[in-house]
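Engineer: Residue numbers for the sequence shown follow this note's numbering, beginning at 20 and rising by one.
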Amino acid sequence: GYIAGGNSPYVGGSNTDIIQKFQFSNSSNSVDIANLTIGRDTVAGQTSLTHGYTSGGIELGFSTVIDKFPFSSDANATDVGDLTQGRSFASGNQSGDHGYTSGGKNPGVLKVNDRFPFSSDANATDVGDISNEAYASSGQSSLTHGYLSGGHASSGYLNIIQKFQFSNSATGQDVGDLTVVRDSLTGHQV
């Protein structure tokens, strides 16, 4: 497992650039293995088969940076592109070929859905909107769709589950509701 960026009172209460990893095969502490290109918190995370990615977040302002770090070695991240606009608290998703950074805050709440390729280092492109503005949502990915659950909008907390297709640039859909409204939650998929 990998952890990248964040805000830590143990590094002066500021944003950190630390990348840590821990083993699934045994119970052990995480170890500091590398660094992001710049310390950021509230970043979105994406995963390809070979690399971890962080996108957006807050550094001195709303960041556009897309960082990539390898799983095969303990090496520092490289800046491989930029989002279409800076944002924090965005949701991260991934298809087999692309990473997605959805929604977020800058400083208003966003609906934009950015996509960047895993096969080359390139800037993200705007591929449509999610169905509802949202930040601090959880992200989940199936083989064909990205999902955002809960979060916060200009109007308050959200309980909606949003879905968007990886195969086209269509606007996402509201496909269901959580049992209660909530934000700053985590997402998982099988």
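Backbone N, C-alpha and C fix where the C-beta goes; we use that ideal spot for every residue, glycine too. Just so we're clear, the structure is a prediction, and the values are computed from it rather than from any experiment.
Helix, strand or coil for P28 per DSSP?
Structural biologist: Note: P28 maps to helix in three-state DSSP.
Engineer: Going along the chain, which unbroken runs of the beta strand (DSSP E) with 3 or more residues stay wholly within the region 122-171?
Structural biologist: Segments of the beta strand (DSSP E) lying fully in the region 122-171: 131-136, 144-148, 157-160, 164-168.
Engineer: Does S82 come out as helix, strand or coil in the three-state DSSP assignment?
Structural biologist: Here S82 sits in coil by DSSP.
Engineer: To the nearest angstrom, how far is the alpha carbon of G206 from that of S161?
Structural biologist: For G206 and S161, the distance between alpha carbons rounds to 12 Å.
Engineer: Note down, in chain order, each residue of its chain lying with its Cβ closer than 8 Å to the Cβ of T198, except the 5 sequence neighbours on either side.
Structural biologist: So the list reads N178, once near-sequence residues are dropped.
Engineer: For the ligand NAP, I want to know if V199 counts as a neighbour, meaning its beta carbon is within less than 7 Å of at least one of the ligand's heavy atoms.
Structural biologist: This structure lacks the ligand NAP; in fact it carries no ligand of any kind.
Engineer: Could you pull out every residue in the same chain whose Cβ sits closer than 8 Å to the Cβ of D148, ignoring the five residues on either side in sequence?
Structural biologist: K130, V131, N132, T190, G191, listed in sequence order.
Engineer: For the candidate residues N48, S27, E78, whose alpha-carbon lies nearest to that of G20?
Structural biologist: The shortest Cα separation from G20 among N48, S27, E78 belongs to N48.
Engineer: Kindly give me the distance between the Cβ atoms of G58 and T35, rounded to whole angstroms, as I take these residues to be in contact under 8 Å.
Structural biologist: With a Cβ gap of about 5 Å, G58 and T35 count as contacting.
Engineer: How about the region 102-110 and the region 133-144: do they share at least three Cβ pairs that are nearer than 8 Å?
Structural biologist: Yes: at least three Cβ pairs fall under 8 Å.
Engineer: Where does D86 land, buried or exposed, given buried means 16+ other C-beta within 10 angstroms?
Structural biologist: Its Cβ being crowded by 16 or more others within 10 Å, D86 is buried.
Engineer: I think F137 touches G123, with their Cβ atoms under 8 Å apart; what is that distance to the nearest whole Å?
Structural biologist: F137 to G123, Cβ: 20 Å. No contact.
Engineer: So T120 and S74 are in contact, right, with Cβ under 8 Å, and what is the actual spacing, rounded?
Structural biologist: The pair is a contact, with the Cβ atoms about 5 Å apart (cut-off 8 Å).
Engineer: Within its chain, find whatever has a CB closer than 7 Å to the CB of L55; leave out the 5 residues flanking it on each side and keep chain order.
Structural biologist: Excluding sequence neighbours, L55 sits near A23, G24, D36, I38, T73, D86, A96.
Engineer: Measuring alpha carbon to alpha carbon, tell me which residue in S27, T83, S67, D93 is nearest K210.
Structural biologist: As shown, the chain starts at 20 and ends at 209. That puts residue 210 outside it, with no answer to give.
Engineer: What does DSSP give as the partner residue(s) for F183 in the beta ladder?
Structural biologist: DSSP output for F183 lists G165 as bridge partner(s).
Engineer: Considering only C-alpha positions, which residue in the set S157, V194, G165, G80 is nearest to Y176?
Structural biologist: Of the candidates S157, V194, G165, G80, the one whose C-alpha sits nearest the C-alpha of Y176 is S157.
Engineer: Got a sec, what are the start and stop residues for the beta strand (DSSP E) H70 sits in?
Structural biologist: 70-74 is the span of the beta strand (DSSP E), which, as asked, contains H70.
Engineer: Counting C-beta neighbours from all protein chains within 10 Å, is the total for V84 16 or more, i.e. buried, or is it exposed?
Structural biologist: V84 comes out buried.
Engineer: Have a look at P28, Y166, S173 and flag the residue whose alpha-carbon is nearest the alpha-carbon of Q181.
Structural biologist: Ranking the options by Cα distance to Q181, first place goes to Y166.
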